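Numbering (the numbering used here), first residue to last: 12 to 116.
What follows is the structure in structure tokens.
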């Protein structure tokens with residue numbers, strides 16, 4: 012049986028194991044004061060989806076002034092960057108690729 016195009020690797024500007032892209036989904040799960048991704052919710056959520064060719068994260072605030080919704084993770088503080096780094100490391104450790112969706116709402 013011939014492999015479906017969706018499952019064939021993509022090797023243009025970025026190498027992907029397949030052509031499945033997980034679209035960004037607003038989850039409103041950064042329920043901490045720092046609005047950072049959490050190890051108990053964000054890390055396993057994205058790790059479980061690492062088999063997609065590419066993950067695009069939920070929208071992430073680029074500044075305190077960029078908040079449009081409650082409980083959205085940010086990427087403007089050192090704590091937030093470190094928290095997203097844990098997510099990224101787990102996705103990479105499981106063979107995935109991940110991009111962050113930057114938000115200014």
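We treat Cβ as the ideally placed atom computed from N, Cα and C, and that holds for glycine.
All of these numbers come straight from a predicted model, not from anything done at the bench.
Boundaries of the alpha helix (DSSP H) in which residue i is found, first to last residue
| i | result |
| --- | --- |
| residue 96 | 89-104 |
| residue 55 | 53-58 |
Endpoints, beta strand (DSSP E) assigned at residue i
| i | result |
| --- | --- |
| residue 69 | 65-72 |
| residue 18 | Neither: residue 18 is in no beta strand (DSSP E) and is coded neither H nor E. |
Burial state of residue i (16 or more Cβ within 10 Å)
| i | result |
| --- | --- |
| residue 91 | buried |
| residue 79 | exposed |
Same chain, Cβ closer than 6 Å to residue i, neighbours up to 5 away in sequence not counted
| i | result |
| --- | --- |
| residue 53 | 98 |
For residue i, three-class secondary structure by DSSP
| i | result |
| --- | --- |
| residue 77 | helix |
| residue 111 | strand |
| residue 34 | coil |
| residue 61 | coil |
| residue 26 | strand |
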